[in-house]
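Per the working numbering, numbering of the sequence shown is gapless, rising by one per residue and ending at 137.
Even for Gly, the Cβ is constructed at its ideal location relative to N, Cα and C.
Report on the following structure.
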Amino acid sequence: MVERVTVTPAAVAVVERLRALHGPLMFHQSGGCCDGSAPMCYRADEFRTGRADVYLGDIAGCRFFIGAAQFEYWAHTQLIIDVVPGRGSGFSLEAPEGVRFITRSRVFDDAEAAALDAAGPPPRADALPPPAGY
């Protein structure tokens with residue numbers, strides 16, 4: 004199965020630390036504006052998703068969403084969530100930790116693209132059941 008979103012071991016370590024502090028988490032790939040285009044980490048109960056959001060998969064046990072319009076631009080790429088030193092958005096939970104999540108990407112090869120096409124589009128957020136525990 005081709006994954007639309009993956010995560011580096013360094014980012015997993017930060018997610019685990021944040022989960023220990025805040026409980027269940029989720030990610031949303033922001034579409035610009037104040038923070039550019041960055042993966043934002045929130046408590047699972049603090050960010051509402053809906054029809055305008057696409058579910059790309061789970062990373063480190065957290066649901067990962069992207070806005071539908073932005074997904075159209077990035078559908079041909081795998082998102083790789085990483086972490087680097089520095090200060091991120093004040094809205095994302097890692098900001099006080101002295102690190103920030105970033106999105107790296109790579110273009111799917113022909114076989115991966117064909118497999119994704121055969122699987123059909125990823126689900127919209129409003130088609131998913133609530134996350135476990137909520």
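Residue i, buried or exposed, once every other Cβ within 10 Å from all chains shown has been counted against 16
{"i": "H31", "result": "buried"}
{"i": "G93", "result": "exposed"}
{"i": "A117", "result": "exposed"}
{"i": "V110", "result": "exposed"}
{"i": "D129", "result": "exposed"}
{"i": "P124", "result": "exposed"}
{"i": "P42", "result": "buried"}
Supposed close pair residue i, residue j - CB separation, criterion 8 Å
{"i": "Y76", "j": "P126", "result": "In fact, because the Cβ distance is near 19 Å, the residues do not count as touching under 8 Å."}
{"i": "Y45", "j": "L96", "result": "7 Å"}
{"i": "C65", "j": "L28", "result": "5 Å"}
Residue i versus the options, residue with shortest Cα-Cα distance
{"i": "P132", "options": "R107, T52, S108 and I62", "result": "T52"}
{"i": "E19", "options": "I69, Q73 and I62", "result": "I62"}
{"i": "E100", "options": "V8, R22 and E6", "result": "R22"}
query = Between the segment 79–99 and the segment 6–16, do three or more beta carbon pairs fall short of 8 Å?
reply = yes
query = Curious, which full-length beta strand (DSSP E) runs of at least 3 residues does the segment 9–62 contain?
reply = 28–32, 42–46 and 56–62
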